[in-house]
Every structure is written in structure tokens, then in C-alpha cells.
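A.B. asks:
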Amino acid sequence: MADATTLRLTLPPNPSVLTRIRVGLQALRVLKDDNANPYYARLLHLSFDGDTYARLAERMRQTDEGRRILDEKLTIPGEDVDISALERLPPSTLGHEYARYYIDNGIEPFDFEFPLQDDADFLNKRYRETHDIHHLITGYGIDEVGEVELQAFYLGNLGFRHAGLIVLVSIPYRLGKVGVKGIRGYVRRLRAAYRRGKSSHQLLTVSFDELWDQPVSEIAARVCAPACSLA
1 MADATTLRLT LPPNPSVLTR IRVGLQALRV LKDDNANPYY ARLLHLSFDG DTYARLAERM
61 RQTDEGRRIL DEKLTIPGED VDISALERLP PSTLGHEYAR YYIDNGIEPF DFEFPLQDDA
121 DFLNKRYRET HDIHHLITGY GIDEVGEVEL QAFYLGNLGF RHAGLIVLVS IPYRLGKVGV
181 KGIRGYVRRL RAAYRRGKSS HQLLTVSFDE LWDQPVSEIA ARVCAPACSL A
């Protein structure tokens, strides 16, 4: 029998809630073993959060800065700014740390190859392009726990349902690794990240493309609520 990857899952026009859930869960299964797959990452987002992106875009259209971001549809880091140029910026600046993030981890910036039909599609693109910046300014690592902490932050900050699902399914998985005693601390971290996201500036409304020369610490202080002590 052909698997989900071979069949190339798609989301039909005007899907029902049940269809969205079914396709989204199948996409999540693919991503469990292939978490960098751009097609299924986008499918997961559209299945659970197509309307979430649309509502975020509608709210952004109500502000001058939001309209500018949506109308200009800038790409990050942009055709006129490459990784080597960003690396030459002073240490601790967003541009330098962003470049080092890719160089140190041996990866390339995300390349969005899907058509943009509306504002919601663009916000999905912007999310994908700025996800690694979000790691830098929130301080959540790219390890297993840090990735889920960032998803909890997204749930509070942007209301992404798929992020809530990832947080939820991570708990029994983590329980099997650390046991009952360890899971309590893990859940506290996720709860703290969720609350922090809820109290922070909405990440998709920040023009990171204009902040390359500013220190990460200063951007984080303006955009993110302080991290809670877990002691």
C-alpha cells in the first residue's frame, strides 16, 4: 500500500472540519519522521490554521504597520541581504546571530516555493521564514524541548491550533522518556511558554527585516514578555 508521502496528500477546496483534522493528522505523521518537509509542514498549517492566518491578516490590515507588511510581502532575509553580509554585522546583533545560527548548524534559510494567493498564504510564508528568528529572540533552543516550548509560545501568541496539538502529543512522548517526576517540570515549562507568548507582541507583526543591526537582547526586550522563573 502506498504511504502518505507517495500519495501526496492534499487539502480539497472548502474542506469540512473532519477533513481538515484528518489531513492535518496525516501530515503530522509524515513530519514526525521528516520534520523539515516543506510540503507537509505547509499542509499541517493550512489544515488546522488556514482560518487562523486569515484572522491574523484581517487584524493586521487594521494597522498601518500591518498593512505595510502584508502589501510589501518582503522575503526574509531578502534578495539584497545574504547570510555572509549578515555575518559581518557586529556580534550580538540579530543579523550576525541569525547568520551564525545557520552556519553553526550547517543549514540554509527556508525557501518558500508555494504560490501566494492571499494574505493568509503570505503569513504562512512569513512564519516559515521567521521561525528561526523566533528561536533567537525567545531564547528557546532547537533541541526537542526547546522546539515544543516555542510551539507553546505560538499557541499563546498566535493561537495556532497545530501548535497546541504538537504540545499535547509531546507530553505522553516525553513521559515515556523522563517518567512522572520529570514530566511535571516539562509541563511547567510548556505552561510558562504559553503564558509568555500570550503576554508578548504578536511575532508575525514584527518587521525583523529592518532590525538586522540591532542587538538580539534589545529586540527580545521589546517583543517578548520576560521569561518566567521555573525555580
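In the UniProt record's numbering, the protein residues as written are 1 to 231.
Glycine included, every Cβ here is placed at the ideal spot set by N, Cα and C.
Quick caveat, the model's predicted, so the values are computed rather than measured.
1. Is the beta carbon of residue 148 less than 8 angstroms from the beta carbon of residue 167?
2. How long is the line joining the alpha carbons of residue 1 and residue 214, rounded to whole angstroms?
3. How would you call residue 107, buried or exposed, if buried means at least 16 neighbouring beta carbons within 10 angstroms?
4. Using a threshold of 7 angstroms, is the CB atom of residue 222 nearer than that to any non-hydrogen atom of the ligand GDP?
5. Check this for me: beta carbons of residue 128 and residue 110, under 8 angstroms apart or not?
6. Using the beta-carbon count (16 or more within 10 Å), is residue 287 buried or exposed?
7. I need the DSSP call for residue 52, collapsed to helix, strand or coil.
8. Determine, using beta-carbon pairs with one atom in the stretch 182 to 201 and one in the stretch 33 to 50, whether at least three such pairs fall under 8 angstroms.
9. Which first and last residues belong to the alpha helix (DSSP H) in which residue 219 is found?
10. How about the stretch 198 to 217 and the stretch 59 to 66: do they share at least three Cβ pairs that are nearer than 8 angstroms?
11. Unbroken alpha helix (DSSP H) runs of length 4 or more, entirely within the stretch 12 to 89: which are they?
12. Which of helix, strand or coil does DSSP assign to residue 93?
13. Out of 126, 171, 161, 124, point me to the one whose CA is closest to residue 144's CA.
14. Using a 10 Å radius around the Cβ and a threshold of 16 neighbouring Cβ atoms, would you call residue 116 buried or exposed?
15. Where do the N-terminal and C-terminal ends of the alpha helix (DSSP H) with residue 194 fall, by residue?
16. I'd like the span of the alpha helix (DSSP H) that includes residue 144, first residue to last.
17. For a quick check, are the C-beta atoms of residue 197 and residue 156 less than 8 angstroms apart?
18. Where does residue 107 fall in DSSP's three states?
19. So, for residue 216: in the same chain, excluding its five sequence neighbours on each side, which residues have a beta-carbon less than 8 angstroms away from its beta-carbon?
20. Ordered along the chain, which non-local residues of its own chain (more than five positions away) have a Cβ less than 6 angstroms from that of residue 220?
21. By Cβ distance below 7 angstroms, which residues in the same chain neighbour residue 162 in space, the five residues on each side in sequence not counted?
22. If we ignore side chains and look at the alpha-carbon of each, how far apart do residue 10 and residue 229 end up?
23. Excluding sequence positions up to five away, which residues of its chain have a Cβ less than 7 angstroms from the Cβ of residue 200?
C.D. replies: Result, derived from the coordinates:
1. Yes, the pair counts as a contact, with Cβ atoms nearer than the cut-off.
2. Because the pLDDT of residue 1 is 38, which lies under 50, any placement of that residue in the model is unreliable, and the number read from its coordinates should be weighed accordingly. Looking at the two C-alpha atoms, the distance is approximately 53 angstroms.
3. exposed
4. Ligands are entirely absent from the displayed structure, and the ligand GDP is therefore not among its contents.
5. Cβ distance < 8 angstroms, so residue 128 and residue 110 count as in contact.
6. Given that the chain is displayed from residue 1 to residue 231, the structure contains no residue 287 and the question cannot be resolved.
7. helix
8. Result no; under three Cβ-Cβ pairs closer than 8 angstroms.
9. 216 to 223
10. Touching, yes.
11. 17 to 33, 38 to 60, 64 to 72, 83 to 87
12. strand
13. 171
14. Per the 10 Å Cβ criterion, exposed.
15. It spans 161 to 199 - the alpha helix (DSSP H) in which residue 194 sits, taken as one unbroken run.
16. Start and end: 144 to 158.
17. yes
18. coil
19. 92, 93, 94, 97, 136, 137
20. 137
21. So the list reads 24, 44, 45, 48, 49, once near-sequence residues are dropped.
22. Their backbone Cα atoms lie some 43 angstroms apart in a straight line.
23. 157, 223, 224, 225
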